[in-house]
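Undergrad: Let me begin by handing over the structure; questions about it come next.
Residue numbers (the numbering used here): 20 to 400.
So, in structure tokens, the structure goes:
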């Protein structure tokens, strides 16, 4: 996979000669897995992507931005980029502009230095995964529809990449603004139902009560994933996981939820109300139960307070949902007793108490089976 291949960049040293270095600054090893491109072509593409040639060293970038070398280095590392010698001519005017922009946010008092580092780290981690995802999607599409090898597809992608840069960048900016708006609306718009549900759910301990927001937290877990992974080849397994993630993302979005992360055979999501979380959980279970080409899932959804940090969510509510998912039968969805009480009386859901279970970190709990009541549930295209 591309994520396992060495990544590097061209830098010009004190002797004026260009070389490729890896993440640790060592020379990039030769490999037959990478596409064959000349240094001139690589330099041309790099200049197109980065918006200019390498004309500045780190020391010059820091000086022109009016910041210390240490601050410039911290931001660079937070973005996930390789260390570069301070005197190596490895930076462009765009790098200088980015450093000035980040520094300006701090100097204007909009955010602290630590917040700037955290934001830079978010950009770095998210875009790193996004770029690998997009490259692999294009390569796989070329292999499937053009009948060429993987290496040939990567060579073709490099040749055609300049024509894709602007459209992909526009889509990224559009998606970021849309996602930012969704985040702002979740913060600013609080309906009466959200206010009512915010105080419901399990009776939290004092430390849990201090967590900032209340949400429905849900997990969906592919059944028998470990045994399947032993029997499938890498390509088939990757296709299965990709399909699972894509279908989960669609259902969660239609249900008004937000997918937090996927870890191979498991997806974690949140929703603004207990009902929304329950609808998503049932839709996920139904979708995979009726697909002969996919394993069934099991899941759980719990309402309670959580702590959002670094794009993830934490707290006892998350742990409870995870523990319940682990004991759910194939194709079913469990919830806890307090969440069931919030859903009780809603004709869309049937709630059936189950035998008590001893869950790690919680002791004896009383799971409740969540099934479809009246109504069709989420409508998917």
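Backbone N, C-alpha and C fix where the C-beta goes; we use that ideal spot for every residue, glycine too.
Does the distance from the CB of residue 80 to the CB of residue 114 come in under 8 Å?
TA: Taking the first residue of the chain shown as position 1, residue 80 is located at position 61. Taking the first residue of the chain shown as position 1, residue 114 is located at position 95. Contact flag set, yes.
Undergrad: Nearest-angstrom Cα distance between residue 106 and residue 237?
TA: By 1-based counting over the chain shown, the position of residue 106 is 87. By 1-based counting over the chain shown, the position of residue 237 is 218. One C-alpha to the other measures close to 50 Å.
Undergrad: Where are the alpha helix (DSSP H) runs, 4 residues long or more, that stay fully inside the segment 291-346, in chain order?
TA: Those alpha helix (DSSP H) runs which fall completely within the segment 291-346 and span 4+ residues are 293-308 and 335-346.
Undergrad: Tell me whether residue 149 sits in a helix, a strand or coil according to DSSP, three-state version.
TA: Sequence index remark: in the chain shown, residue 149 carries index 130 (1-based). DSSP places residue 149 in helix when its eight states are reduced to three.
Undergrad: For residue 309 versus residue 230, is the C-beta distance shorter than 8 Å?
TA: Here residue 309 refers to the residue found at position 290 when the chain shown is read from its first residue. Here residue 230 refers to the residue found at position 211 when the chain shown is read from its first residue. No. Outside cutoff.
Undergrad: Measure how close the beta-carbons of residue 108 and residue 62 come, nearest whole angstrom, since I'm counting them as under 8 Å.
TA: Numbered from 1 along the chain shown, position 89 holds the residue referred to as residue 108. Numbered from 1 along the chain shown, position 43 holds the residue referred to as residue 62. Residue 108 to residue 62, Cβ: 13 Å. No contact.
Undergrad: What three-state label does DSSP hand residue 383 in the structure shown?
TA: Translated into positions along the chain shown, residue 383 becomes position 364. In the structure shown, residue 383 sits in a strand (DSSP, three-state: E or B).
Undergrad: Would residue 274 pass as a contact of residue 291 if the rule is Cβ separation under 8 Å?
TA: Numbered from its first residue, the chain shown carries residue 274 at position 255. Numbered from its first residue, the chain shown carries residue 291 at position 272. No, Cβ-Cβ distance for residue 274 and residue 291 is not below 8 Å.
Undergrad: For residue 391, does the three-state DSSP call read helix, strand or coil?
TA: Here the question's residue 391 lines up with position 372 in the chain shown. Strand at residue 391.
Undergrad: Going by the beta-carbon positions, is the gap between residue 283 and residue 320 smaller than 8 Å?
TA: For the purposes of this step, residue 283 is taken as the residue at position 264 of the chain shown. For the purposes of this step, residue 320 is taken as the residue at position 301 of the chain shown. No, Cβ-Cβ distance for residue 283 and residue 320 is not below 8 Å.
Undergrad: Please classify residue 148: is it buried, with 16 or more other beta-carbons within 10 angstroms of its beta-carbon, or exposed?
TA: Counting from 1 along the chain shown, the entry for residue 148 is found at position 129. Counting Cβ neighbours within 10 Å, residue 148 comes out exposed, since fewer than 16 surround it.
Undergrad: What residues match up with residue 280 in a beta bridge as DSSP calls it?
TA: On the chain shown, position 261 is the one that residue 280 refers to. DSSP lists 287 as partners of residue 280.
Undergrad: Please report the residue range of the beta strand (DSSP E) in which residue 354 lies.
TA: The residue you call residue 354 lines up with position 335 of the chain shown. That run of the beta strand (DSSP E) goes 352-354.
Undergrad: In terms of residues, what are the limits of the alpha helix (DSSP H) holding residue 257?
TA: For this step, residue 257 is matched to residue 238 along the chain shown. First-last of the alpha helix (DSSP H) with residue 257: 253-273.
Undergrad: Inspect the CB distances between the segment 284-304 and the segment 361-379 and report whether three or more fall short of 8 Å.
TA: Short answer: they touch.
Undergrad: Could you spell out the range, first to last residue, of the alpha helix (DSSP H) harbouring residue 94?
TA: The residue given as residue 94 occupies position 75 in the chain shown. That run of the alpha helix (DSSP H) goes 88-97.
Undergrad: Does the count of Cβ pairs from the segment 152-164 and the segment 121-134 closer than 8 Å reach three?
TA: With a cut-off of 8 Å, the segment 121-134 and the segment 152-164 do not count as touching, because too few Cβ pairs lie within range.
Undergrad: Starting from the C-beta of residue 44, find all residues in its chain whose C-beta is less than 6 Å away, skip the five residues before and the five after it, and write them out in chain order.
TA: Your numbering for residue 44 matches position 25 in the chain shown. Its pLDDT being 48, under 50, residue 44 is placed unreliably in this model, and the value from its coordinates should be taken loosely. Result list for residue 44: 102, in chain order.
Undergrad: Return the bridge partner residues of residue 154 from the DSSP annotation.
TA: Counting from 1 along the chain shown, the entry for residue 154 is found at position 135. In DSSP, residue 154 forms no bridge with anything.
Undergrad: Nearest-angstrom Cα distance between residue 386 and residue 70?
TA: Here residue 386 refers to the residue found at position 367 of the chain shown. Here residue 70 refers to the residue found at position 51 of the chain shown. Going by the C-alpha atoms only, they are around 56 Å apart.
Undergrad: In terms of residues, what are the limits of the alpha helix (DSSP H) holding residue 118?
TA: Translated into positions along the chain shown, residue 118 becomes position 99. 112-126 is the span of the alpha helix (DSSP H), which, as asked, contains residue 118.
Undergrad: Who are residue 232's beta bridge partners in DSSP?
TA: By 1-based counting over the chain shown, the position of residue 232 is 213. Answer is 325.
Undergrad: If we count the other Cβ atoms within 10 Å of its Cβ and call it buried at 16 or more, is residue 255 buried or exposed?
TA: Looking up residue 255 in the chain shown gives position 236. Classification of residue 255: exposed, given that the 10 Å Cβ count is below 16.
Undergrad: In chain order, what residues of the same chain have a beta carbon less than 7 Å from the beta carbon of residue 352, not counting five sequence neighbours either side?
TA: Along the chain shown, one-based indexing puts residue 352 at 333. Once the five neighbours on either side are set aside, the close Cβ partners of residue 352 are 300, 301, 304, 318, 319, 320 and 389.
Undergrad: Can you look up residue 70 in the DSSP assignment and give me helix, strand or coil?
TA: Taking the first residue of the chain shown as 1, we reach residue 70 at position 51. DSSP places residue 70 in coil when its eight states are reduced to three.
Undergrad: What residues in its chain sit with their C-beta under 6 Å from that of residue 72, if we drop five residues either side in the sequence?
TA: Taking the chain shown and counting its residues from 1, the one referred to as residue 72 is at position 53. 66, listed in sequence order.
Undergrad: With distance defined between alpha-carbon atoms, name the residue in 232, 315 and 171 nearest to residue 262.
TA: On the chain shown, position 243 is the one that residue 262 refers to. Comparing Cα positions, the closest option is 315.
Undergrad: Can you tell me the Cα-Cα spacing of residue 2 and residue 64, whole angstroms?
TA: Here the chain comprises residues numbered 20 to 400, so residue 2 is not present and cannot be evaluated.
Undergrad: Please look up how many angstroms separate the CB atoms of residue 325 and residue 234, rounded, as I've assumed it's under 8 Å.
TA: Counting from 1 along the chain shown, the entry for residue 325 is found at position 306. Counting from 1 along the chain shown, the entry for residue 234 is found at position 215. Confirmed, Cβ separation roughly 5 Å.
Undergrad: Determine the DSSP secondary structure at residue 199, reduced to helix, strand or coil.
TA: Against the chain shown, residue 199 aligns to sequence position 180. Residue 199 falls in the helix class under three-state DSSP.
Undergrad: Determine the DSSP secondary structure at residue 104, reduced to helix, strand or coil.
TA: Within the chain shown, the letter at position 85 stands for residue 104. It is coil, neither helix nor strand.
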